[in-house]
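In terms of this note's numbering, the sequence shown is residues 13 to 198.
Just so it is clear, CB atoms sit at the ideal spot from N, CA and C, and this is done for glycine as well.
Keep in mind it's a predicted model, so treat the numbers as computed, not measured.
Taking it in order: structure first as structure tokens, then the write-up.
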Amino acid sequence: MFDKKSLENIELIIDNHNEVNGDALNLVSSYYLGVADVLESRIMDISDEEISMMIQVSGKKIYRTIKFPNTFKSSDEVVTFFYLCLAEARKKAPENYPKTRIEIQIEKTLNLDTYITKVKKKRTVNTVTPPRRVIRNYNTPTIRTKPVRRTRTVIPSVRVNTPTRTTRVVSNRTQPARKVNSRRKN
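Dropping the structure here:
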């Protein structure tokens, strides 16, 4: 019996094969199950004992099952068994039969560069550096000084003349504020 995760994976497998890998299903139907003149093949259900398929042949539908050699417990075992069925169908198919999408992907992964190496030495890499030890010498006398008194910087203001009143404006100038007659121009 499949667990919950395997059941979800099996639903995804069914959807994926029916939508994308129809050519592989047709190959399995034609040469593994021995059905002639296959137009379309679909997986209807996968249980823990078999794969149920619907095969359309020239106007009629045929339902066939592929029995598992033993009861499977995970979706990985089902996928492996399907690939074995595909390999058996490929052996029975003529040489000029086109490769399926799955077979092309398998060839690509087999042709990847693979390097086999041995581990010579292991070491632990610590990304966090330990804190430094601070050495304090309390025996050294310190010189005491008087605290420096800081005064606030005062920005002088400037009077601006308008015809009716005198206004005091803060300026960045260093000149002291001066008295201005409101009637006289600066």
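- Rounded to the nearest whole angstrom, the CA to CA distance from D15 to S86 is 7 Å.
- For E62, same chain residues with a beta-carbon under 7 Å away, outside a window of 5 residues either side, are T77, I78, K79 and F80 in chain order.
- Residue burial is scored here from C-beta neighbours: A99 has fewer than 16 other C-beta atoms within 10 angstroms and is therefore classed as exposed.
- Bounds of the beta strand (DSSP E) holding R76 are K72 to K79.
- DSSP places S59 in no beta strand (DSSP E); its state is neither H nor E.
- Shown here, E107 sits in coil according to DSSP, grouped into three states, outside any helix or strand.
- CA-CA distance, V137 to L124, rounds to 30 Å.
- Per the DSSP secondary-structure output, V50 pairs with nothing in a beta bridge.
- In the three-state scheme derived from DSSP, where H, G and I count as helix and E and B as strand, I26 is classed as helix.
- Here I116 carries a helix assignment [DSSP, helix/strand/coil].
- By the CB criterion at 8 Å, S41 and V50 fall inside the cutoff.
- The beta-carbon separation of H29 and L19, rounded to 16 Å, does not stay under the 8 Å limit for a contact.
- Where D125 is concerned, there is no enclosing alpha helix (DSSP H), because DSSP gives it neither an H nor an E.
- Taking 8 Å as the upper bound for CB-CB distance, T112 and D27 are not in contact here, some 17 Å apart.
- Residue pairing for V69: DSSP places it in a beta bridge opposite K72.
- The closest CA to that of G46, considering only T126, E119, I116 and R102, is found on R102.
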